[in-house]
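Notes follow the structure.
In our numbering, the protein residues as written are 471 to 780.
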């Protein structure tokens with residue numbers, strides 16, 4: 471894979487992940503177990519656990535970070551899981567810029583964070599390593615199975631307000647949102663809403679954590695009229711909630727296969743990132759090199775993500 475050194479202007483077009491606070495790992499999601507026998511490295515450990523650089527990133531990348539730690543250091547899965555400390559997509563980008571993190575495994579920054587990085591003058595080296603996707607979901611009792619991009623946009627800009635307008639029951643669409651700076655909201659803007667003005671949601675329908683939007687849609691007033699969005703990997707493999715179903719886009723359902731072959735339209739990359747001036751041979755550079763190697767690609771696959779095509 472060819473190395474790309476980019477200034478932060480490139481971050482404005484990246485896929486986004488999750489929101490978090492500095493120094494406060496996002497609670498809630500489970501980490502999918504490693505494949506049988508996959509936690510053992512293929513050779514002697516490449517790094518001692520005490521030499522591991524500060525790895526930050528997106529909530530939806532926690533399983534990959536854990537598997538990276540297992541395979542690079544040789545520690546057991548439980549110890550690797552306890553070592554993972556992520557702060558969420560926007561804070562992770564900021565932490566790399568201000569020196570509080572050394573390596574990111576991360577989804578794309580939203581436009582506000584991208585502008586901050588650009589203004590910092592810090593040059594970042596960004597490599598796509600896997601793919602995920604924005605997905606919409608509703609309560610499984612909702613008869614609607616798929617909407618078009620135009621319909622999703624109309625809902626989130628307040629022009630389409632009733633499920634009967636899109637083939638569902640006559641009931642108000644309760645559209646949950648994420649905070650404006652969150653990765654999922656940035657994804658919604660990138661693929662669906664663009665620069666249009668979003669409909670203002672009540673505060674109880676703007677969820678700070680990824681898990682909250684899923685549980686909110688699943689249980690809203692014991693009805694099926696709520697709508698939400700997240701990233702596929704988190705919803706399918708980290709925080710599966712009974713009563714939730716994913717919706718398609720113009721008849722194409724999100725899946726590992728449709729994300730991999732590009733037929734699902736809201737798919738895009740996530741990244742391994744270091745500062746461009748990271749010295750050769752440093753722990754951070756060694757982690758990046760490993761992620762870009764065949765072993766790293768296998769870890770992306772084994773953790774259940776879609777690797778990027780080389």
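Using N, Cα and C, we set each Cβ at its ideal position, and we do this for glycine too.
Values in this document were obtained by computation on a predicted structure and should not be read as measured data.
Taking C-beta separations shorter than 6 Å and ignoring five residues to either side along the sequence, the partners of residue 613 in its chain run 638, following chain order. Under the three-pair Cβ rule at 8 Å, the stretch 530-549 does not count as touching the stretch 606-625. Going by C-alpha positions, residue 754 is about 7 Å away from residue 744. In the three-state DSSP reduction, residue 655 falls in the helix class (H, G or I).
Counting C-beta pairs closer than 8 Å gives fewer than three between the stretch 695-708 and the stretch 583-598, which falls short of the contact rule. Put simply, of 522, 567, 582 the residue whose alpha carbon is nearest the alpha carbon of residue 554 is 522. Taking each of 763, 773, 774, 750 in turn and checking the Cα distance to residue 780, the smallest one comes out for 763.
Judged by DSSP secondary structure, residue 738 falls within the beta strand (DSSP E) whose first and last residues are 737-745.
Three or more beta-carbon pairs separated by less than 8 Å are not found between the stretch 676-683 and the stretch 731-741, which leaves the two stretches without contact.
It is roughly 35 Å from the alpha-carbon of residue 756 to the alpha-carbon of residue 649. Looking at 605, 630, 664, the one whose alpha-carbon comes closest to that of residue 717 is 605. Residue 777 and residue 574 have their alpha carbons spaced roughly 17 Å apart. Here residue 576 is bridged, per DSSP, to 741.
Only exposed fits residue 552, as fewer than 16 other CB atoms lie within 10 angstroms of its CB.
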